[in-house]
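**Student:** The listed protein sequences derive, respectively, from chains V and P. Following this note's numbering, the numbering of the first sequence begins with -1 at its first residue and continues without gaps. Following this note's numbering, the numbering of the second sequence begins with -1 at its first residue and continues without gaps. From the three backbone atoms N, C-alpha and C, an ideal C-beta is built for every residue, glycine too. Just passing along the structure, written as structure tokens.
Protein chains: 2
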Amino acid sequence: METTQLLKGVLDVAVLATIRDDDGYGYDVVRRLRAAGIDEVGDASVYGTLRRLYASGALSTYVVPSDDGPHRKYYSITGEGRTQLDEQRATWRRFADTMTELLDPSPARRAGVRTIGEKK
Amino acid sequence: METTQLLKGVLDVAVLATIRDDDGYGYDVVRRLRAAGIDEVGDASVYGTLRRLYASGALSTYVVPSDDGPHRKYYSITGEGRTQLDEQRATWRRFADTMTELLDPSPARRAGVRTIGEKK
DNA sequence: CCACGCTACCGCGTGATGCGCAGTACTACG
DNA sequence: CGTAGTACTGCGCATCACGCGGTAGCGTGG
Chain V
-1 METTQLLKGV
9 LDVAVLATIR
19 DDDGYGYDVV
29 RRLRAAGIDE
39 VGDASVYGTL
49 RRLYASGALS
59 TYVVPSDDGP
69 HRKYYSITGE
79 GRTQLDEQRA
89 TWRRFADTMT
99 ELLDPSPARR
109 AGVRTIGEKK
Chain P
-1 METTQLLKGV
9 LDVAVLATIR
19 DDDGYGYDVV
29 RRLRAAGIDE
39 VGDASVYGTL
49 RRLYASGALS
59 TYVVPSDDGP
69 HRKYYSITGE
79 GRTQLDEQRA
89 TWRRFADTMT
99 ELLDPSPARR
109 AGVRTIGEKK
């Protein structure tokens, strides 16, 4: 994948956002992410991320047996997790803005950050 | 650094954008990136990226001796490099939009992608 | 009944990449 | 001469997404 490197550090917050409102199990989180536009995400990456987030205290988990298939390991976001989500969301926004501005410099900067012909 | 992972796959395009208009040498590219808001970038990362881009044909290079200090290895973007820059810029924009939408779902989606209470 | 296929999860090894650190070298300044 | 700033390089490490293979439950068709 060519966007594979872009996911670094972002999968965490993407997964948190995905289950922010509804608990989810791995296989389903993969589907949700793909539906959201992160098409190329590998399932192993998601399972790994869920485990990592669980280990860090951002998620809690419970297993639900299923009649039509294997059991499902649901993950639920914790208070810790919501805090992380908010922080990382803000971090992402700042970073994305910086990058976007660097890639497509807007000629008329908002809030007079610098005037047109500035040097340093 | 906490944004260290966010840089993955993005430093390439950031460096290309940095020297798109003016050739630059490593030490200076680091300063430009930091000035642009990518404060936490390590110098070794930039030097490595420049070398990688050069190896891939996106940059050409020439050495300029300097009176007041060590020599400077300038890098200049090639046609190849400009093509890469445009492609990766588009990739970034798509990715950033997807992520932003996932993190802060806009209640009124543009272009009626889905209506408010939709389920699946 | 067995082979498939889908759902669901896990572990292992790999590859890309950013980073810290150490080292080299040149200039200027006290 | 020692120190600081400029400028570049190489080495090893850590993070993290991914591919692949394996396990397992369930349903369907030959």
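I want to verify the contact list: residues of chain P whose CB lies under 8 Å from the CB of V/Ala94, in sequence order.
**Tutor:** Ala94, Met97 and Thr98
**Student:** Is there a Cβ from chain V that is less than 9 Å from the Cβ of P/Glu34?
**Tutor:** This sequence places Ala at residue 34 of chain P; Glu is not what is there. Taking Cβ atoms only, chain V reaches closer than 9 Å to P/Ala34, which makes this a yes.
**Student:** So, at 6 Å on beta carbons, what are the nonlocal neighbours of V/Ser58 in its own chain, with the 5 sequence-adjacent residues on each side left out?
**Tutor:** Ser74 and Thr76
**Student:** Can you tell me whether V/Gly67 is helix, strand or coil according to DSSP?
**Tutor:** coil
**Student:** Counting only the same chain and skipping the five closest in sequence on each side, list residues whose C-beta sits under 6 Å from that of P/Asp41.
**Tutor:** Val28
**Student:** Is the beta carbon of V/Lys6 sitting closer than 9 Å to the one on P/Leu4?
**Tutor:** Yes; because the gap between Cβ atoms is below 9 Å, this pair is in contact.
**Student:** Can you tell me whether V/Leu57 is helix, strand or coil according to DSSP?
**Tutor:** strand
**Student:** Is there at least one Cβ from chain P nearer than 9 Å to V/Gln3's Cβ?
**Tutor:** yes
**Student:** Is it buried or exposed, P/Asp66, if we count other Cβ atoms within 10 angstroms and call 16 or more buried?
**Tutor:** exposed
**Student:** Compute the beta-carbon to beta-carbon distance between V/Thr1 and P/Thr89, rounded to the nearest angstrom, for a pair I have assumed lies under 8 Å.
**Tutor:** About 6 Å separates the two Cβ atoms, so the contact holds.
**Student:** How long is the line joining the alpha carbons of V/Asp95 and V/Pro63, rounded to whole angstroms?
**Tutor:** 44 Å
**Student:** Measuring alpha carbon to alpha carbon, tell me which residue in V/Asp26, V/Arg50 and V/Ala34 is nearest P/Arg92.
**Tutor:** Of the residues V/Asp26, V/Arg50 and V/Ala34, the one whose Cα lies closest to the Cα of P/Arg92 is V/Ala34.
**Student:** In whole angstroms, what separates the C-alpha of P/Arg50 from that of P/Asp10?
**Tutor:** 9 Å
**Student:** Run through DSSP, which three-state label would V/Val8 get?
**Tutor:** coil
**Student:** Got a sec: does the ligand MN put a non-hydrogen atom nearer than 8 Å to the Cβ of P/Val13?
**Tutor:** The model on display carries no ligand, and the ligand MN is accordingly not part of it.
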